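J.:
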Amino acid sequence: LGTGYGSAIQFTTLQGTGQIPVLTTSTVSNILQTTATYGGTISSDGGSTVTVRGVCWGTGTTPTITDSKTTDGTGTGSFTSAITGLTANTAYYVRAYATNSVGTGYGSAIQFTTLQGTGTVTDIDGNVYNTVTIGTQIWMVENLKVTKYNNGTAIPLITDGAAWTSLTTPGYCWYNNDYTTYGSVYGALYNWHTVNTGNLCPIGWHVPTDAEWTTLTDYLGGLSIAGGKLKETGTSHWAIPNTGATNESGFTALPGGWRGYDGSFHDITYTGYWWSSTQNGSSAWERELYQGNATVSRNGSNSKFVGFSVRCKKD
Numbered sequence: 001l002g003t004g005y006g007s008a009i010q011f012t013t014l015q016g017t018g019q020i021p022v023l024t025t026s027t028v029s030n031i032l033q034t035t036a037t038y039g040g041t042i043s044s045d046g047g048s049t050v051t052v053r054g055v056c057w058g059t060g061t062t063p064t065i066t067d068s069k070t071t072d073g074t075g076t077g078s079f080t081s082a083i084t085g086l087t088a089n090t091a092y093y094v095r096a097y098a099t100n101s102v103g104t105g106y107g108s109a110i111q112f113t114t115l116q117g118t119g120t121v122t123d124i125d126g127n128v129y130n131t132v133t134i135g136t137q138i139w140m141v142e143n144l145k146v147t148k149y150n151n152g153t154a155i156p157l158i159t160d161g162a163a164w165t166s167l168t169t170p171g172y173c174w175y176n177n178d179y180t181t182y183g184s185v186y187g188a189l190y191n192w193h194t195v196n197t198g199n200l201c202p203i204g205w206h207v208p209t210d211a212e213w214t215t216l217t218d219y220l221g222g223l224s225i226a227g228g229k230l231k232e233t234g235t236s237h238w239a240i241p242n243t244g245a246t247n248e249s250g251f252t253a254l255p256g257g258w259r260g261y262d263g264s265f266h267d268i269t270y271t272g273y274w275w276s277s278t279q280n281g282s283s284a285w286e287r288e289l290y291q292g293n294a295t296v297s298r299n300g301s302n303s304k305f306v307g308f309s310v311r312c313k314k315d
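Going by my numbering, the sequence shown opens with residue 1, and the numbers climb by one from there.
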């Protein structure tokens, strides 16, 4: 006797029971006119390797990978995506996505609106400045570096420290008396007597009043958080850690430092100081931004002969 067999029958096992990835969309940062930064965090790959991930966006409320998208690596964890090619002053929706062998999972959609379009303005020296609309105001995006008033008269360049401290008339300088290293990037430092001439900015523009600075910071959420929204991101021009910087306003504040009471220079890359045109007794109001936090300081105690940066605002 032996073993008997029935007829052979073919069968196929079912597909695996894996799932699509699980993920969230990260908060937006650095929204400008045509670009923004987003990302996501993939908490589960669903049992299958994530082979592509990124963000997708569009003007519809539920963008998919058939719309515009980035590709930002593989696997789980957090990632950051740079979105480009946007249209100024336009509402978009963005969400993170991740794809495995089962399919594509999405994070929640987040709405954002790009900044209004920029323009340019040229000073009497021929320097061209980008501009940005923030709320109801239009600002220069760079610190002023003009060496003449808008009527063509030269502004005195003061290099000597002792001469600077005794000055009761207009004057300007470059940080460390070095235009190539500092002035070309951070702009010039002007005393308040230069501001007070009313002729420092290009025609049709002016040094903002204390009240106009307040309008700006109020629009951006107040002194405690507006600094982060004003500061350029990264540490190319700001010292580490440049805390809270998102530049979501497009203002792109740079820390030009200051020229002090003894004619010496201080705080380049660490602190930015900008004059207002408003007096405060024997002093004048100004604003300060710092590398170590996201605040704005309103200060009215500095003497008029110290050297600060200037940003011009459109009339």
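We treat Cβ as the ideally placed atom computed from N, Cα and C, and that holds for glycine.
Values in this document were obtained by computation on a predicted structure and should not be read as measured data.
Looking at the strands, I want to know which residues DSSP matches up with Leu157.
T.: Listed as beta-bridge partners of Leu157 by DSSP are Tyr172.
J.: Compare the Cα-Cα distances from Lys313 to each of Ile20, Tyr182 and Trp274 and report the closest residue.
T.: Trp274
J.: Helix, strand or coil for Lys229 per DSSP?
T.: helix
J.: Under 8 Å by Cβ, that's how I've got Ser224 and Tyr261 pegged, so tell me the actual separation to the nearest angstrom.
T.: Contact doesn't hold; Cβ gap of about 29 Å is too wide.
J.: For Asn191, collect the residues of the same chain with a Cβ closer than 7 Å to its Cβ; drop the 5 residues on either side in sequence, then sort them by chain order.
T.: Leu167, Pro170, Gly171, Lys304, Phe305, Val306 and Gly307
J.: Going by the DSSP bridge assignment, what does Ile22 pair with across the sheet?
T.: Inspection of the sequence shows that residue 22 is occupied by Val rather than by Ile. Beta bridge pairing from DSSP links Val22 with Ser44.
J.: If I'm right that Asn100 touches Val132 with Cβ under 8 Å, what's the distance once you round it to whole angstroms?
T.: Actually they do not touch by this definition, with Cβ atoms about 41 Å apart.
J.: My output table needs one value for Asn196: the three-state DSSP class, helix, strand or coil.
T.: coil
J.: Report, in whole angstroms, the separation of the C-beta atoms of Lys231 and Leu289, which I expect to be a contact under 8 Å.
T.: 6 Å
J.: With a threshold of 16 other CB atoms inside 10 Å of the CB of Ala211, please say whether the residue is buried or exposed.
T.: So Ala211 ends up on the exposed side.
J.: Grab the span of the beta strand (DSSP E) containing Tyr149 for me, first residue to last.
T.: No beta strand (DSSP E) contains Tyr149, which DSSP labels as neither H nor E.
J.: Tell whether a beta-carbon distance below 9 Å holds between Leu254 and Gly272.
T.: yes
J.: How would you write the range of the beta strand (DSSP E) that Glu212 sits in, first residue to last?
T.: Element bounds for Glu212: not the beta strand (DSSP E) but the alpha helix (DSSP H), Asp210 to Tyr219.
J.: As a quick exercise: from Asp45, Gln33 and Val28, pick the residue whose alpha carbon is nearest that of Gly39.
T.: Val28
J.: Can you name the residues that DSSP bridges to Arg298?
T.: Arg287
J.: Does the Cβ of Ser249 have 16 or more other Cβ atoms within 10 Å, making it buried, or fewer, making it exposed?
T.: buried
J.: Are there 16 or more other CB atoms within 10 angstroms of the CB of Gln111, so buried, or fewer, so exposed?
T.: Flag for Gln111 reads exposed.
J.: With burial defined as no fewer than 16 other Cβ atoms inside 10 Å of the residue's Cβ, what is the status of Ile155: buried or exposed?
T.: buried
J.: Taking the alpha carbon of Gly18 as the point to measure from, which residue in Thr90, Val102 and Thr59 has its own alpha carbon closest?
T.: Val102
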